[in-house]
């Protein structure tokens, strides 16, 4: 979506609701595009992203909570770290990047994610 995009018409039936999150794509080094969506098991997934720092070759994200972290990434990361340790992640060709984040009681549920491209 851009300011010049056509409007999207969507009808919500009475006594129902839909929740949408819009996250801007950020261009990193090369042609990599990235957008963190947050923890998808939470009602306000975007609100789980507490802090975000971009670098040319990646991003550092602080999230609060536990569950499935989801982001859009135009390319597969080379490495993904959770609280300083390298972890497995899933990246699909359509850009879906996901990782399971565990609740860490000692940190009040706050986790540090680092993504390297």
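Residue numbers (the working numbering): 76 to 192. Glycine is no exception: its CB is placed at the ideal position from the N, C-alpha and C atoms. Just so it is clear, the structure is predicted and the values come from calculations on it, not from any experiment.
Using a threshold of 7 Å, state whether the C-beta atoms of residue 117 and residue 140 are closer than that. Residue 117 sits at position 42 when you count from the first residue of the chain shown. Residue 140 sits at position 65 when you count from the first residue of the chain shown. In contact: residue 117 and residue 140 (Cβ atoms closer than 7 Å).
Go ahead and pull the three-state DSSP assignment for residue 120. In the chain shown, counting from the first residue as 1, residue 120 sits at position 45. Residue 120 falls in the helix class under three-state DSSP.
Pull up the distance between the alpha-carbon of residue 124 and that of residue 98, whole angstroms please. Sequence index remark: in the chain shown, residue 124 carries index 49 (1-based). Sequence index remark: in the chain shown, residue 98 carries index 23 (1-based). C-alpha separation (whole angstroms): 11 Å.
Contacting residues, own chain, Cβ-Cβ under 7 Å from residue 131 (five flanking each side not counted): Reading the chain shown from its first residue, position 56 is the one you call residue 131. Excluding sequence neighbours, residue 131 sits near 103, 104.
What is the DSSP secondary structure of residue 182, counted as helix, strand or coil? The sequence position of residue 182 within the chain shown is 107, counting from 1. Three-state result, residue 182: helix.
Neighbourhood of residue 151 by C-beta distance below 7 Å, restricted to the same chain and skipping five residues each side: Your numbering for residue 151 matches position 76 in the chain shown. Excluding residues within five positions, the ones whose Cβ falls inside 7 Å are 166.
Please state if the CB of residue 187 and the CB of residue 158 are separated by a distance shorter than 7 Å. On the chain shown, residue 158 is found 83 positions in, with the first residue counted as 1. On the chain shown, residue 187 is found 112 positions in, with the first residue counted as 1. Closer than 7 Å, so yes.
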